[in-house]
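Residue 1 is where the sequence shown starts when you use the UniProt record's numbering, and the numbers rise one by one after that. Note that the Cβ used here is the ideal one computed from N, Cα and C, for glycine as well. Below is one structure, written out as structure tokens, with a few remarks after it.
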Amino acid sequence: MYSRPMVKSLTFDGQTSWTVFKTQFDVISSTNGWNNRVKASQLVALLRGSAAEVLQGIPSDKLTDLTTIEKALEARFGDSHLTQFYRTELKTKRQKPGESLQILAADVERLMSLAYAECPQDVLDRLSAQCFVDAIRDEDTQHATRLMDAKDLKSALAYSMKYEAAKIVSKTSRNVRSLEIEDFTG
């Protein structure tokens, strides 16, 4: 008889993202075929540190109620109350000196998932492209990428990288031509 292997879960101490942990926990509990009572007891067993301390605020007769435990953890560690903070951070996001366009795009993508988790994908795509363009430090690159009217972050990133590469090549070839002219006349 085939028995399904048990997938082990990580522990949660409140130092990492509750949303990420909960997603992993939901996948693992589904894979393991746990009902809500088993999920509740497994979740309680996986809590450490300040996350485990949340259990002290739950009445003992509710410690096997998955919804009660998840609501308490969401209230303490959830990202939902930080939505406006992440939206403000996105609005004021600017590329740091020395920061690559790829790193900027990854950070915009991370903030978008936190700020607009419930948004439809097509809206997220457009908005993330706009936020990325707004955050580009170099005015020429920003302007050119804005004119491209990218439909998503990936397209905006690809275009802005191409544009910056072309600028570098143009500067280099201008410098080479000017050196050739100086050598020829000198």
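Query                                                                                                                                                                                        : Result
CA-CA distance, Phe25 and Leu10?                                                                                                                                                             : 8 Å
With a cut-off of 8 Å, do at least 3 Cβ pairs link the stretch 135 to 148 to the stretch 158 to 168?                                                                                         : yes
Indicate the three-state DSSP secondary structure (helix, strand or coil) for Leu47 in the structure shown.                                                                                  : strand
Across which residues does DSSP place Asp132 in a beta bridge pair?                                                                                                                          : Looking at the sequence provided, one finds Phe at residue 132 rather than Asp. Answer by DSSP bridge pairing: none, since Phe132 is not bridged.
If we ignore side chains and look at the alpha-carbon of each, how far apart do Thr92 and Asn32 end up?                                                                                      : 43 Å
Out of Val169, Arg110 and Ser17, which one is the CA nearest neighbour of Leu73?                                                                                                             : Ser17
Across which residues does DSSP place Phe12 in a beta bridge pair?                                                                                                                           : Leu47
Using the beta-carbon count (16 or more within 10 Å), is Phe12 buried or exposed?                                                                                                            : buried
If we ignore side chains and look at the alpha-carbon of each, how far apart do Val20 and Lys71 end up?                                                                                      : 15 Å
In the stretch 111 to 176, which residue ranges form an unbroken alpha helix (DSSP H) of at least 4 residues, counting only runs that do not cross its ends?                                 : 121 to 135 and 139 to 148
Return the CA-CA distance between Asn35 and Ala52, expressed in angstroms with no decimal places.                                                                                            : 21 Å
For Ser100, which option in Val27, Ser29 and Arg137 has the closest C-alpha, if you only look at C-alpha atoms?                                                                              : Arg137
Quick check: Leu47 and Val54, are their CB atoms within less than 9 Å of each other?                                                                                                         : yes
Taking only the alpha-carbon atoms, compute the straight-line gap between Leu114 and Pro59 and give it to the nearest angstrom.                                                              : 31 Å
Between the beta-carbon of Thr83 and the beta-carbon of Ala45, is there less than 9 Å?                                                                                                       : no
Please go through the same chain and pick out, in chain order, the residues whose beta-carbon is closer than 7 Å to the beta-carbon of Thr64, but skip the five residues on each side of it. : Arg37, Ala40 and Ser41
In whole angstroms, what is the alpha-carbon distance linking Tyr2 and Ala156?                                                                                                               : In this prediction, Tyr2 has a pLDDT of 47, which is less than 50 and means its spatial position is unreliable; what the coordinates show is noted afterwards. If I take the Cα positions, the gap works out to 49 Å.
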